[in-house]
Amino acid sequence: MQLTAAEEAMLAGRDGPAKQRAMEGLVQLGRAFGAPRMVEIGYAHIHAGMALYLEDVELMEELAEQGAKMAVPASVNIANADTVDWRKTGAPEALARLQQRAADAQHKMGSACTFTCTPYWAGHWPTWNTHMTSIESTVTIFCNSVLGAKSNRDGFFAVYAAMTGRYPLFGYHLDENRRGTHLIDIAETPQGTSDFSCLGFHIGRIAGDGVPVLRGFDRRPSLDELDALGAGMATSGGVALFILPGVTPPFGSVEQAFAGVLPEAAGAGRGDIDAVYDRFCTAAEGGFDIVHVGCPHAPFEEIRDYARLLDGKRVHGNTELWVTTSRAVRRMAEEAGLLRPIEASGAKVISDTCPISCHFARTTSPDPKLGVVPPPIRAVVVDSAKQAKYVRDMIQCDTLLTTTEGAIATALGGRFVPHR
């Protein structure tokens, strides 16, 4: 790889051991993917340091002790506990304390401790042509497809990129890779984020790790719907970029997205959306313990919808309703008076984490000293195909997938309300 003088200095350790360690990792990554050089990044969404893995937290602390500092604005991904109010979720205190240690290290390094999978709703909004890095697939696909930033689906290398302000030039950082591979004809425009989530899940199964180009919407989807659409694609496939001409910069037409050579189109309609709902409805209709909305972490507009649906009502005594969002959106909702009707209903408004990332997960091997024993959960009612897939994978229980309105009605009535 060709390195600049500044990058050579980092690699040689002249800027300290933390940057040297980070640059060594990035050079190794770049060589593995044949990158000719580095690019300067303007933003990073990075790993939180997950408390369910003690070594994860210790790694963050080690970097902070070595003097690591974020070289670009860096937001932090979702964590294993709501460190502000961990008792609300029933998290073990030891887990919450360990997660706070990771947060302390992040603060020391200069990270913005957003602890969310939707940092754009918390003000982190990279613009067109901004090279960036992200550990979270939902962030990658939203920033690539809606904002026109340039990001790969990254792992821990996102932390190293944030520390150096550099990232190897490969993948979606190259314009020649930002072209369509699959054409999808939308037969019927979905209504609401849950439908868009299911549509995205269907498209992700078609496109795999390709770049689907979407044609046929009869209106411009809202930002929230685009977020749900991308999250669904990134869950069922490896999609990091979709192209919706007129939305995705700089593409103004389907022809431009394919550089003039269009492939045969695949279809996506109401039946495909309904099939995703049906795929994730496997539990008995009365056999659930938790209803969860807010995946990806809810924006302000969705919080407003929850408040409207819950105003003056009470959650059924045999279930819990979890509303997950970022700290920033929670604060905005509090100032707008939206938390009062939600919490008065008995719902729990939770930040920093969500069911698949908290102590419910059964696919982790926590340090025995933490005393983490996942509670028995029969099923979770969700309004997101992403959450449904990961509940199955990580909590390893059944799901019931419905619309947001159906999920709220389920929580109020204590009996599952399907999407149709």
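Residue numbers (the numbering used here): 985 to 1404. Even for Gly, the Cβ is constructed at its ideal location relative to N, Cα and C.
DSSP state of residue i, grouped into three classes?
{"i": "Met-1054", "result": "coil"}
{"i": "Pro-1102", "result": "Checking the sequence, you will find Thr at residue 1102 rather than Pro. The answer is coil: DSSP assigns Thr-1102 none of H, G, I, E or B."}
{"i": "Gln-986", "result": "strand"}
{"i": "Tyr-1151", "result": "strand"}
{"i": "Tyr-1037", "result": "coil"}
{"i": "Arg-1199", "result": "strand"}
{"i": "Ala-1006", "result": "helix"}
{"i": "Asp-1208", "result": "helix"}
{"i": "Glu-1120", "result": "coil"}
{"i": "Cys-1279", "result": "strand"}
{"i": "Glu-1024", "result": "strand"}
{"i": "Leu-1384", "result": "strand"}
{"i": "Glu-1081", "result": "The residue you asked about is not Glu; residue 1081 is Arg in the sequence shown. It is helical."}
{"i": "Lys-1353", "result": "helix"}
{"i": "Asp-1295", "result": "coil"}
{"i": "Ser-1178", "result": "helix"}
{"i": "His-1108", "result": "coil"}
{"i": "Ser-1135", "result": "coil"}
Identify which residue in the options has its Cα closest to the Cα of residue i.
{"i": "Asp-1382", "options": "Pro-1196, Gly-1270, Phe-1017, Ala-1006", "result": "Gly-1270"}
{"i": "Ile-1334", "options": "Arg-1346, Ala-1317, Phe-1154", "result": "Ala-1317"}
{"i": "Val-1056", "options": "Val-1364, Ala-1145, Asn-1136", "result": "Ala-1145"}
{"i": "Ala-1267", "options": "Thr-1386, Asp-1211, Gln-1004", "result": "Thr-1386"}
{"i": "Met-985", "options": "Leu-1010, Gln-1004, Ala-1006, Lys-1373", "result": "Leu-1010"}
{"i": "Arg-1005", "options": "Arg-1137, Glu-1046, Gly-1244, Trp-1070", "result": "Glu-1046"}
{"i": "Cys-1097", "options": "Asn-1064, Val-1060, Trp-1112", "result": "Val-1060"}
{"i": "Val-1364", "options": "Val-1238, Ala-1345, His-1157", "result": "Ala-1345"}
{"i": "Arg-1163", "options": "Gly-1139, Ala-1259, Val-1223", "result": "Val-1223"}
{"i": "Ala-1259", "options": "Ala-1048, Arg-1404, Ala-996", "result": "Arg-1404"}
{"i": "Val-1231", "options": "Leu-1384, Leu-987, Glu-1024, Leu-1131", "result": "Leu-1131"}
{"i": "Gly-1253", "options": "Leu-1210, Ile-1168, Leu-1246, Pro-1196", "result": "Ile-1168"}
{"i": "Thr-1114", "options": "Met-994, Asp-1088, Tyr-1156, Pro-1358", "result": "Tyr-1156"}
{"i": "Ile-1379", "options": "Leu-1396, Pro-1360, Glu-1389", "result": "Pro-1360"}
{"i": "Lys-1036", "options": "Thr-1348, Val-1366, Cys-1279", "result": "First, the residue type needs correcting, since residue 1036 is Leu and not Lys in the sequence shown. Ranking Thr-1348, Val-1366, Cys-1279 by Cα distance to Leu-1036 puts Thr-1348 first."}
{"i": "Arg-1199", "options": "Asp-1040, Pro-1247, Ala-1212", "result": "Pro-1247"}
{"i": "Phe-1099", "options": "Leu-1323, Thr-1067, Met-1093", "result": "Thr-1067"}
{"i": "Asp-1069", "options": "Glu-1389, Pro-1352, Cys-1338, Val-1375", "result": "Cys-1338"}
{"i": "Thr-1102", "options": "Ser-1118, Val-1123, Gln-1084", "result": "Val-1123"}
{"i": "Thr-1173", "options": "Gly-1251, Val-1375, Met-1093", "result": "Gly-1251"}
{"i": "Leu-1158", "options": "Arg-1189, Leu-1225, Gly-1184", "result": "Leu-1225"}
{"i": "Arg-1311", "options": "Gly-1107, Leu-1384, Asp-1088, Asp-1208", "result": "Gly-1107"}
{"i": "Thr-1394", "options": "Arg-1315, Phe-1284, Leu-1293, Ala-1320", "result": "Leu-1293"}
{"i": "Thr-1094", "options": "Ala-1048, Ile-1392, Gly-1397", "result": "Reading off the sequence shown, one finds Gly at residue 1094, where the question assumed Thr. Considering only alpha carbons, the answer is Ala-1048."}
{"i": "Leu-1213", "options": "Arg-1189, Phe-1235, Pro-1234, Pro-1233", "result": "Arg-1189"}
Taking CB distances under 8 Å as the criterion, tell me whether residue i reaches chain B.
{"i": "Glu-1039", "result": "Looking for chain B here will not work: only one protein chain is present."}
Could you please give me the residues that DSSP links to residue i through a beta bridge?
{"i": "Arg-1263", "result": "Per DSSP, none; premise fails for Arg-1263."}
{"i": "Glu-1239", "result": "In the DSSP output, where bridge partners are listed per residue, Glu-1239 has none listed."}
{"i": "Ile-1334", "result": "Thr-1308"}
{"i": "Ile-1274", "result": "Glu-1304, Val-1364"}
{"i": "Ala-1250", "result": "Ile-1168"}
{"i": "Ile-1227", "result": "Val-1197"}
Rounded to the nearest angstrom, what separates residue i and residue j at their Cα positions?
{"i": "Ser-1121", "j": "Lys-1297", "result": "35 Å"}
{"i": "Ala-989", "j": "Gln-1090", "result": "28 Å"}
{"i": "Val-1143", "j": "Gly-1301", "result": "43 Å"}
{"i": "Asp-1202", "j": "Gln-1240", "result": "20 Å"}
{"i": "Trp-1105", "j": "Ala-1282", "result": "8 Å"}
{"i": "His-1276", "j": "Ser-1368", "result": "9 Å"}
{"i": "Ala-1052", "j": "Gly-1149", "result": "12 Å"}
{"i": "Leu-1082", "j": "Ala-1058", "result": "21 Å"}
{"i": "Arg-1362", "j": "Ser-1135", "result": "38 Å"}
{"i": "Gly-1026", "j": "Thr-1111", "result": "9 Å"}
{"i": "Glu-1008", "j": "Gly-1176", "result": "45 Å"}
{"i": "Val-1245", "j": "Pro-1196", "result": "14 Å"}
{"i": "Gly-1018", "j": "Gly-1033", "result": "29 Å"}
{"i": "Leu-987", "j": "Phe-1140", "result": "21 Å"}
{"i": "Phe-1400", "j": "Val-1299", "result": "13 Å"}
{"i": "Arg-1324", "j": "Ile-1287", "result": "11 Å"}
{"i": "Gln-1050", "j": "Gly-1000", "result": "8 Å"}
{"i": "Ala-1320", "j": "Cys-1127", "result": "27 Å"}
{"i": "Cys-1279", "j": "Asp-1377", "result": "15 Å"}
{"i": "Asp-1211", "j": "Cys-1342", "result": "22 Å"}
Does the separation of the CB atoms of residue i and residue j fall below 8 Å?
{"i": "Leu-1153", "j": "Met-1054", "result": "no"}
{"i": "Asp-1273", "j": "Thr-1309", "result": "no"}
{"i": "Ile-1030", "j": "Asp-1336", "result": "no"}
{"i": "Cys-1265", "j": "Gly-1216", "result": "no"}
{"i": "Ala-1075", "j": "Ala-1086", "result": "no"}
{"i": "Ile-1326", "j": "Gln-1371", "result": "no"}
{"i": "Ser-1220", "j": "Pro-1229", "result": "no"}
{"i": "Ala-1331", "j": "Val-1307", "result": "yes"}
{"i": "Asp-1262", "j": "Thr-1388", "result": "no"}
{"i": "Asp-1351", "j": "Leu-1038", "result": "yes"}
{"i": "His-1166", "j": "Ile-1257", "result": "no"}
{"i": "Ile-1125", "j": "Ala-1002", "result": "no"}
What do you reckon, is the C-beta of residue i under 7 Å from a heavy atom of the ligand GDP?
{"i": "Leu-1322", "result": "Here there are no bound small molecules, and the ligand GDP is not part of this structure."}
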